[in-house]
Amino acid sequence: MPSCVMSEVTTDSLLDGRVTLLQPRKGHRAGTDAVLLAAAAPVRAGDTVIDVGAATGAVGLMVAAREKAARLVFVERDPDLAELCRRNCRDNGVDATVAVADVLDRAARRAAGLVAEIADLVLTNPPFLEEGRSRLSPDPGRSAAHALPAGGLEVWLAACIGLLRPGGRLVLIHRADRLGECLAAVTGRLGDLAVRFVHPAADRPAIRLLLSGTKGSRAPLAVLPPLVLHGPDGSFTPLAAAIHRGEAGLP
């Protein structure tokens, strides 16, 4: 058990109870972003899937719930979160590798066995903020989960792409206003790019984007239909509700 005492850890469920998740009561907690990223993962039987910045493993565990024949690798730099991820894998019956490594550190990646071109699919929810550009949370756990060093997004995504085999696919979720930086980081490294914007309501600006691309492809970019999360009454739209139940994906 990590240094967190049990009173500081909650037991939650995802996909209508198909996934159980131990996670810290305070700090970064899995939610809709993790659900959407997992729903957008084009996983197939036998794929090696790497969840980069996995925290307690929510994204990879939801992928495993959909495709039990995938081989999962979780990458998390915080050893306490990584230990919770190991426990979550055991509790959900998922045989996976949990690597404790900072994805921004090439030597740490290699030491953890994360060598080049080992993955068919890489999923990542990079920290949304960068030091020097954003006001960071006073909570150390939340700040560490949400912030990168200046210029860190390009390094993070380059490391993720380096893990992909030729023909492998990267899928990421990020803030909608970081589209330009996300595209700049993957241009020349990925093709067959697809962007889907996520709106809190039909009349509200996008707050998230899902971006995917294939290593070695030269196919052009496509902008996919947007996903609207909430209807006029504030409840989930039928598609968003089905995604959260694990009954629908985002192809």
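Note that the working numbering has the sequence shown beginning at 3, numbered continuously upward.
Even glycine gets a Cβ: it sits at the ideal position worked out from N, Cα and C.
* Have a look at R89 and I120 and give me their C-alpha separation to the nearest angstrom. => Distance between the alpha carbons of R89 and I120: 24 Å.
* Are the beta-carbon atoms belonging to L231 and G215 less than 9 Å from one another? -> For L231 and G215, no; Cβs fall outside 9 Å.
* DSSP-derived helix/strand/coil call for T34 -> Looking at T34 - three-state DSSP - the assignment turns out to be helix.
* **Where V65 falls: helix, strand or coil (DSSP)** => Correct three-state label for V65: helix.
* Out of R220, L195, T239 and A43, which has the shortest C-alpha to C-alpha gap to L226? -> Looking at the Cα atoms, L195 is the closest of the given residues.
* Asked: Going by the CB atoms, is the gap between A101 and E69 shorter than 9 Å?
  -> No; because the gap between Cβ atoms is not below 9 Å, this pair is not in contact.
* To do: Enumerate in chain order the residues of its own chain whose CB-to-CB distance from L252 is below 6 Å, with the five nearest sequence positions on each side excluded.
  => Excluding residues within five positions, the ones whose Cβ falls inside 6 Å are A41 and A42.
* **Closest Cα partner of G48 within the set L172, L74, K217 and F130** => Among L172, L74, K217 and F130, the Cα nearest to that of G48 belongs to L74.
* Cβ neighbours of R46 in the same chain (closer than 8 Å, five flanking residues each side left out) -> Sequence-distant partners of R46 (beyond 5 residues in either direction) whose C-beta falls short of 8 Å from its own C-beta, in its chain, are E69, A72 and D122.
* Beta-carbon proximity of V37 to L125, cut-off 9 Å -> Taking 9 Å as the Cβ cut-off, V37 and L125 do not qualify as a contacting pair.
* Return helix, strand or coil for V96, following the three-state DSSP convention. => Three-state DSSP puts V96 in coil, outside helix and strand.
* Near L116, which residues of its chain fall below 7 Å by C-beta distance, leaving aside the five closest residues on each side in sequence? -> Its chain contains V77, A101, A103 and L165 as the residues whose beta carbon lies nearer than 7 Å to that of L116, once the 5 sequence neighbours on both sides are disregarded; these appear in chain order.
* **Range of the contiguous alpha helix (DSSP H) that encloses P240** => Where P240 is concerned, the enclosing alpha helix (DSSP H) starts and stops at P240 to R247.
* Exposed or buried, T58, counting other C-beta atoms within 10 Å across all chains shown (16 or more means buried)? -> Taking all protein chains shown into account, T58 has 16 or more neighbouring C-beta atoms within 10 Å of its C-beta and is therefore buried.
* Where the alpha helix (DSSP H) through E78 begins and ends -> Unbroken run through E78 is the beta strand (DSSP E), R73 to E78; no alpha helix (DSSP H).
* Secondary structure of E119, DSSP reduced to three states -> Coil.
* Asked: From T50 to A208, what does the alpha carbon distance come to, in whole angstroms?
  -> A direct Cα-to-Cα measurement between T50 and A208 gives close to 31 Å.
* Asked: What first and last residue would you give for the beta strand (DSSP E) that runs through I52?
  -> Element bounds for I52: T50 to V54.
* Asked: For Q25, which of V65, R220 and D80 has the nearest alpha-carbon?
  -> Nearest of V65, R220 and D80 to Q25, Cα basis: D80.
* In its own chain, which residues sit with a C-beta less than 7 Å from the C-beta of W158, not counting the 5 before and 5 after it? -> Around W158: V105, L106, P128 and L150.
* Could you check what DSSP says for L159 in three-state terms: helix, strand or coil? => DSSP places L159 in helix when its eight states are reduced to three.
* To do: Note down the Cα distance separating G169 from D235, rounded to an integer number of angstroms.
  => Each residue's CA atom was taken as its position, placing G169 and D235 some 42 Å apart.
* Asked: How big is the Cα-Cα spacing for R247 and L17?
  -> For R247 and L17, the distance between alpha carbons rounds to 4 Å.
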